């Protein structure tokens, strides 16, 4: 039997519509990261789409 714990991560897309303020979107994304850290998530991955 293993004693390793299951790990959980958060994947964030970070996409926004043209009419959205990127500064507000970025701050909201950062708040999600802070909350994930406070909840004990093991990792955060910021994806990109080009």
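Numbering (this note's numbering), first residue to last: -11 to 38.
Backbone N, C-alpha and C fix where the C-beta goes; we use that ideal spot for every residue, glycine too.
All of these numbers come straight from a predicted model, not from anything done at the bench.
For residue i, the three-state DSSP class (helix, strand or coil)
i: residue 24; result: helix
Distance CB(residue i)-CB(residue j) smaller than 9 Å
i: residue 2; j: residue 30; result: no
i: residue 21; j: residue 32; result: yes
i: residue 35; j: residue 0; result: yes
Opening and closing residue of the beta strand (DSSP E) in which residue i lies
i: residue -1; result: -3 to 0
i: residue -10; result: Residue -10 -> no beta strand (DSSP E), and no H or E assigned at all.
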